[in-house]
Amino acid sequence: MAFKTWRTGVHIQQDKILAVSLTREKAAWRLRRWWQFPLEAQNGPGGELIQSEQLAGLLSAWSKALPLQHRVALAFPAARTLQKALPAPAVALRDSESAAWIVSAISRELEMPPEALCFDYTQDTFSRAFHVTAAQNRDVASLLALAKRLKLRLAAITPDAAALANLLPFLPSSVRCVAWRDEAQWLWAMRHQWGRKAASEAASVADFAALLAISPQEVALFHPDGFDPFTVIACNQPPLPVCRADFTVALALALGESTA
């Protein structure tokens, strides 16, 4: 019998690391394992990444316990990214030319050398704009080094906020926005947008929805008093974590860009 791939999401938070492994069954998702590791040295509120050496020591035994057939998606702090819409140049560009033009434009705006940045982009043909997400190479390199040291089969490094969109197919059609919050921030995602708000900007779902110009009824907040992320998994195996909402991003990463 063939072993199913354990799809694993890992979310490094300010004071802990959370991970969830799922497998895709014929008609549903099955929870395989979940893990929680406390962090002594906290990440800063700006999402600064802990050194990969420290994380590797903490996660060494965990990585060895994963089955050979696994794929891991690591969360990248949305606070360490820049999102920018760049009007496309008047002259049509090939893909390679577009990439070079975007690197040049972003590096000028950030006053950083192009080699210090990595980026992803999509092109909106209607508005003739490039929607760019940029991050510093050193931050991404830290996660790549962690995955290499732990010998993980790395499938993706995804902004934590962007991963929340993976939960949309499991929610009522009236929900436009998935949100999650901790003491420092709100993370949110809609079908084609995602982002972060400081916790001080919104004290309630109503305040948060107003920031995005949508109604509170269109927001699904994964929180101890709100939605439970484990309810999207048909085959759960107890015991489940006490603070289940804390695992929202990790579980969304494990799901990937799939449909319910």
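Numbered per the UniProt record's numbering, the sequence shown finishes at 260, counting up by one with no gaps. The beta-carbon is built from N, C-alpha and C at its ideal position, and this holds for glycine as well.
Can you tell me which of Thr122, Trp194 and Asp225 puts its alpha carbon nearest to the alpha carbon of serine 204? Locating residue 204 in the sequence shown gives position 204, counting from the first residue. Of the candidates Thr122, Trp194 and Asp225, the one whose C-alpha sits nearest the C-alpha of serine 204 is Asp225.
Reduced DSSP secondary structure (H/G/I, E/B, other) of glutamine 36: Here residue 36 is taken as the residue at index 36 of the sequence shown, counted from 1. DSSP places glutamine 36 in strand when its eight states are reduced to three.
Could you please give me the residues that DSSP links to glycine 195 through a beta bridge? Position 195 of the sequence shown, counted from the start, is the residue given in the question as residue 195. Paired residue(s): Trp188.
Can you name the residues that DSSP bridges to glycine 9? As a working mapping, residue 9 is identified with position 9 in the sequence shown. In DSSP, glycine 9 forms a bridge with Val20 and Ala73.
Short check: CB of leucine 59 to CB of leucine 150, under 7 angstroms? Walking along the sequence shown from the start, residue 59 turns up at place 59. Walking along the sequence shown from the start, residue 150 turns up at place 150. Leucine 59 places its beta carbon less than 7 angstroms from that of leucine 150.
How many angstroms separate the CA atom of tryptophan 188 from the CA atom of alanine 75? Here the question's residue 188 lines up with position 188 in the sequence shown. Here the question's residue 75 lines up with position 75 in the sequence shown. Those two C-alpha atoms are separated by around 14 angstroms.
Proximity of valine 20 and leucine 251 at Cβ, strictly below 7 angstroms: Counting from 1 along the sequence shown, the entry for residue 20 is found at position 20. Counting from 1 along the sequence shown, the entry for residue 251 is found at position 251. The criterion of a C-beta distance shorter than 7 angstroms is satisfied by valine 20 and leucine 251.
So for residue 264, helix, strand or coil by DSSP? Because the chain spans 1 through 260 in this model, residue 264 falls outside it and cannot be assessed.
Would you list the one or two residues that DSSP bridges to isoleucine 106? Locating residue 106 in the sequence shown gives position 106, counting from the first residue. DSSP lists no beta-bridge partner residue for isoleucine 106.
Answer yes or no: do phenylalanine 130 and glutamine 136 have a C-beta to C-beta separation smaller than 7 angstroms? Start at 1 with the first residue of the sequence shown, and residue 130 comes out as number 130. Start at 1 with the first residue of the sequence shown, and residue 136 comes out as number 136. No.
Cutoff 8 angstroms; reference proline 229; Cβ partners in own chain excluding five residues on either side: In the sequence shown, the residue the question calls residue 229 occupies position 229. Leu167, Phe222, Arg244, Ala245, Phe247, Thr248, Leu251 and Ala252, listed in sequence order.
Checking 7 angstroms against the spacing of the C-beta atoms, do residue 276 and alanine 234 come in under that value? Given that the chain is displayed from residue 1 to residue 260, the structure contains no residue 276 and the question cannot be resolved.
At the level of alpha carbons, what is the spacing between lysine 16 and alanine 61? Here residue 16 is taken as the residue at index 16 of the sequence shown, counted from 1. Here residue 61 is taken as the residue at index 61 of the sequence shown, counted from 1. Taking the straight line joining both Cα atoms gives about 16 angstroms.
How far does the beta strand (DSSP E) with lysine 64 in it reach, from first residue to last? For the purposes of this step, residue 64 is identified with residue 64 of the sequence shown, where counting begins at 1. Looking at the DSSP string, lysine 64 is not in any beta strand (DSSP E); the run it does join, the alpha helix (DSSP H), is 52-65.
Considering Cα atoms alone, identify which of Thr5, Leu240, Ala220 and Leu82 is closest to valine 132. By 1-based counting over the sequence shown, the position of residue 132 is 132. For the set Thr5, Leu240, Ala220 and Leu82, the Cα lying nearest the Cα of valine 132 is the one of Leu82.
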